[in-house]
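Protein sequence lines correspond, in order, to chains E and Y.
The numbers in my numbering rise by one with no breaks, and the one at position 56 of the first sequence is 56.
So my numbering is basically just the index in the second sequence, starting at one, shifted up by 247.
Don't be surprised by glycine CBs; every beta carbon is placed ideally from N, CA and C.
Computed from a predicted model, the values in this text were never measured in an experiment.
One structure is given here, and the rest of the page talks about it.
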Amino acid sequence: MFSVSPEIYSVLSLASRWLFAFFALMLLLFALAWHHSDRKERRDRFRNLPGAGTVGELVVLSGSDELPPDTWFPVPREGVLGSLRSCDLVVPCPGVRSQHLDFSWQDGTGLLIRPRIGCEVLVDGIPVSRHGTYADAPLLHGSLLQVGSAVLRLQLFAALSHTSRPFAPQAPVGSPVESGAWTPPVQDPNAAVQPWQIPPDQGYAPAPPPLSPPAAEPLPPAQPPLNRPQAPQRVKRADRWKEDWSE
Amino acid sequence: MNRQKSSARFRFTAASMLLACLIFLVPALRDGNPTLFLLAALLPCVMFLCDTVVARMFSLDRMITALILWLCAAGIAAYAPSDPDATLAQALRCGSALIALTAGGIMIRSLSPSLLTSACTAFLGLLLLAGKLLSPAMSLPLTEAALALLLIAFAALLSRQGPVSALVLGAAALVLLLVRGEMTEAVLWSLAVLLLVYAADGRAVVVLPALAVVLLLFFGAFTLLPVQGFPQNPSSFSVLASAGAVGADPLPEGFAWPDSVSIFPLLAGSYGLLLSGMTALLFLPLTLRGTSVAASARTRFHAVLAMGVSLQLALRALAALISVFGFLPLSGLRLPFLTSSLPDLCAQGFIAGLLCGISGRNDADLAEDAHLAMLAK
């Protein structure tokens, strides 16, 4: 194969070693610049999608002095709820342990709740145990979660609220439902605001959304039963998307 | 007319390919070695293919893939001036590491943090660690492969079952490492475990007892087991400094270690402290990228696993650099991907593949969110 004389090679070798060192320095700088530009790009994408990675929000119905009612948290797909500041959802209320429960979103099922050892959790008034039945009582859209003295309501994003279980509003334990003062809402509460509908500069501000109970809508007049079954009306694909993804 | 700025990715890829070509071409011109000519032509093509086609096909993180490709190329090039025949063997070993990287990237997509995953990986990892104790004749270095499996089990247990069971597994692995006499590996493993527990849990009631258990195990190992200490390293800063900034053509005295599997001293001797130092510093962006991947992971399992992989690579690189310059009397440590041990290379490629796969999954999740947002608009 092709080779050069030793004199030329010695000059070439020395020059190339300095060139290699220069290239190695460039590689280091380019790698750092690459990482920096990727981080910037990712930050911009998250700014445009402030709800990315979350499934909805938990609205505080009753809390404490540190956690006033109508405060709301974005709920990630997975995490820990507790009073510790390192938790994903920080609920500083009496009766809430430092790490009270684990939660994880399961598509088609809902938000699964798994209490830590010795922690009490109620989902729609039903106690959830650590072993066994926690997967049977997932949090759905409008479900109430009670941890310690805090009562939180889950509002899922509209795209994720199509679960198999129907919404059945429950009164929180200890609420005035027993005395008859509390009446369950007639219809489902509104789904959470879609993350992409929040202006980019607003993000998740702690400003509470209005949570007034929805007014009862008049029922439509009863229709006489039809004698022959009607063929299902075909819905355009664009309309289906509109139903699924819009409020 | 607007001039299009080239991206940092394009510049890094182009510079690494050019350097990989030149670094083999120059030694090849000395005596016309056909192997080096072949590598000078083939290696940039492989780097380009892996960084574009393979990374795109298997949704691997391009930056991590590109960095690992360059580290592998530097490891192959270290043999080029002094032992051209060894370059081909090292290239084949690096090819195996790239296959392991791809396998890791594919595997992490379907890996869930279930109890079965934890049990299987923990059993395999502990078995590999205990293998040398059960049959002392076994000389295959499988420690890194075992630690990679144990890291998966540890992340699954920490994210699903809580810190106690994860700490029990970490302590069991630490005991086996101490009984085997691998003090440096034991120190690195315990550091990684403690940092992961601190990052994932953060409670003093968990971290402080874990620290106490680790200290107790080390104290017990030093008192009960025969004192082995840390093996001495043959290299020192003075030996490495004799190579100079750009290296020496005939290797200086002290660089020829036929039994050593660490390539970094050879790289420093062949190309000098500048190139080897810059190559070692590439672990900084690799670690930064790993922590960034961990921070943007959607699930706790992926976050803990990505942070664990980043910690393993960073701590190992730091300890290897400290030991290779002779600042601490440690030995047996190699810079990741700059080793001639095939099991170690494959294990490192596998855990880097896990990191690449997690990054690809993060990107897919974000793209899905953007797609939903676009449909909603």
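Euclidean distance between Cα positions of residue i and residue j
i, j, result
"Leu239 (chain Y)", "Arg309 (chain Y)", "No answer is possible for residue 239 (chain Y): the residues shown for chain Y start at 248 and end at 624."
"Ser86 (chain E)", "Val411 (chain Y)", "18 Å"
"Leu226 (chain E)", "Ala137 (chain E)", "Low confidence applies to Leu226 (chain E): its pLDDT is 43, below 50, so where it sits in the model is not reliable, and the reading given next is rough at best. If I take the Cα positions, the gap works out to 38 Å."
"Asp612 (chain Y)", "Ala255 (chain Y)", "24 Å"
"Leu394 (chain Y)", "Pro383 (chain Y)", "19 Å"
"Pro328 (chain Y)", "Thr526 (chain Y)", "18 Å"
"Val121 (chain E)", "Leu81 (chain E)", "11 Å"
"Leu289 (chain Y)", "Leu318 (chain Y)", "16 Å"
"Ala550 (chain Y)", "Leu463 (chain Y)", "29 Å"
"Leu602 (chain Y)", "Ser543 (chain Y)", "12 Å"
"Glu391 (chain Y)", "Ser557 (chain Y)", "14 Å"
"Leu285 (chain Y)", "Lys40 (chain E)", "39 Å"
"Phe22 (chain E)", "Trp436 (chain Y)", "35 Å"
"Tyr9 (chain E)", "Cys268 (chain Y)", "17 Å"
"Ala541 (chain Y)", "Leu552 (chain Y)", "8 Å"
"Arg45 (chain E)", "Gly148 (chain E)", "37 Å"
"Leu265 (chain Y)", "Ala561 (chain Y)", "27 Å"
"Leu139 (chain E)", "Leu568 (chain Y)", "51 Å"
"Leu396 (chain Y)", "Met354 (chain Y)", "12 Å"
"Gly467 (chain Y)", "Leu421 (chain Y)", "12 Å"
"Ala413 (chain Y)", "Leu443 (chain Y)", "10 Å"
"Pro281 (chain Y)", "Gly494 (chain Y)", "24 Å"
"Leu84 (chain E)", "Leu144 (chain E)", "22 Å"
"Ser306 (chain Y)", "Ala433 (chain Y)", "33 Å"
"Leu531 (chain Y)", "Arg427 (chain Y)", "31 Å"
"Cys93 (chain E)", "Leu373 (chain Y)", "43 Å"
"Asp458 (chain Y)", "Val415 (chain Y)", "Correcting the residue identity first, residue 458 (chain Y) is Leu in this sequence and not Asp. Going by the C-alpha atoms only, they are around 13 Å apart."
With 16 other Cβ atoms within 10 Å as the buried cut-off, status of residue i
i, result
"Gln146 (chain E)", "buried"
"Glu7 (chain E)", "exposed"
"Val300 (chain Y)", "exposed"
"Phe257 (chain Y)", "exposed"
"Cys292 (chain Y)", "exposed"
"Pro360 (chain Y)", "buried"
"Ser3 (chain E)", "exposed"
"Ser587 (chain Y)", "buried"
"Gln248 (chain E)", "Beyond the ends of chain E as shown, which are 1 and 247, falls residue 248 (chain E); an answer cannot be given."
"Asp65 (chain E)", "exposed"
"Trp182 (chain E)", "For Trp182 (chain E), the predicted model reports a pLDDT of 45, less than 50, meaning its position is unreliable; a value from the coordinates is still stated below. Burial call: exposed."
"Pro115 (chain E)", "buried"
Residues that residue i contacts on chain E, provided the C-beta gap is smaller than 8 Å
i, result
"Tyr518 (chain Y)", "Arg17, Phe20, Ala21"
"Leu314 (chain Y)", "Ala31"
"Leu266 (chain Y)", "Phe20, Phe23, Ala24, Leu27"
Chain-ordered neighbours of residue i on chain Y, where CB pairs are closer than 8 Å
i, result
"Arg47 (chain E)", "In chain order: nothing, as chain Y lies at least about 12 Å away."
"Val4 (chain E)", "Leu276, Arg277"
"Leu12 (chain E)", "Val273, Leu276"
Beta bridge counterpart(s) of residue i as assigned by DSSP
i, result
"Arg153 (chain E)", "E:Val59, E:Leu144"
"Gly125 (chain E)", "Gly125 (chain E) pairs with nothing; no bridge assigned."
"Glu78 (chain E)", "E:Ser104"
"Leu112 (chain E)", "E:Ser104"
"Phe73 (chain E)", "E:Leu58"
"Cys312 (chain Y)", "Residue identity differs from the one stated: residue 312 (chain Y) is Thr in this sequence, not Cys. Partner(s): none; Thr312 (chain Y) has no beta bridge."
"Val434 (chain Y)", "Looking at the DSSP assignment, Val434 (chain Y) forms no beta bridge with any residue, so it has no partner."
"Thr586 (chain Y)", "Y:Ser509"
"Leu139 (chain E)", "E:Leu111"
Neighbouring residues, chain E, relative to residue i (Cβ below 9 Å)
i, result
"Arg256 (chain Y)", "Phe30, Trp34, Ser37, Asp38"
"Ser539 (chain Y)", "His35, Asp38, Arg39, Arg42"
"Phe572 (chain Y)", "Under the 9 Å cutoff, chain E gives no residues; its nearest Cβ is about 18 Å from Phe572 (chain Y)."
"Ile311 (chain Y)", "Neighbours of Ile311 (chain Y) on chain E: none; closest Cβ ~10 Å, over 9 Å."
"Arg450 (chain Y)", "Leu84, Ser86, Ser98, Gln99"
"Ile323 (chain Y)", "Residues of chain E passing the Cβ test: none, with the nearest at roughly 14 Å."
"Arg581 (chain Y)", "Neighbours of Arg581 (chain Y) on chain E: none; closest Cβ ~19 Å, over 9 Å."
Interface residues of chain B facing residue i [CB-CB closer than 8 Å]
i, result
"Ala561 (chain Y)", "The chain inventory of the structure shown lacks chain B, comprising the protein chains E and Y."
Listed by chain order, chain Y residues near residue i by CB distance under 7 Å
i, result
"Ala52 (chain E)", "Leu613, Asp616"
Within chain E, the residues that residue i reaches when beta carbons sit closer than 7 Å
i, result
"Ala262 (chain Y)", "Phe23, Met26, Leu27, Phe30"
"Trp317 (chain Y)", "Leu27"
"Gly494 (chain Y)", "Arg17"
"Phe259 (chain Y)", "Leu27, Phe30, Ala31, Trp34"
"Ile270 (chain Y)", "Phe20"
Please name the residues in the segment 277–293 of chain Y whose beta-carbon is closer than 8 Å to at least one beta-carbon of chain E, in chain order.
Arg277, Asp278, Gly279, Asn280, Pro281, Phe284
Taking a Cβ distance cut-off of 9 Å, strictly less, list which residues of the segment 341–359 of chain Y are near chain E, in chain order.
none
Listed in chain order, which residues of the segment 65–77 of chain E have Cβ atoms closer than 9 Å to some Cβ of chain Y?
Pro76, Arg77
Proximal residues, the segment 88–102 of chain E versus chain Y, C-beta separation under 8 Å:
Ser98, Gln99
Members of the segment 521–545 of chain Y that neighbour chain E once the beta carbon cut-off is set at 9 Å:
Leu521, Leu522, Ser523, Gly524, Met525, Thr526, Leu528, Leu529, Leu531, Pro532, Leu533, Leu535, Arg536, Ser539, Ser543, Arg545
Return the residues of the segment 405–424 of chain Y that lie within a Cβ-Cβ distance of less than 7 Å from chain E, sorted by chain order.
none
The segment 545–557 of chain Y: positions lying closer than 7 Å to chain E by Cβ
Arg545, Thr546, Arg547
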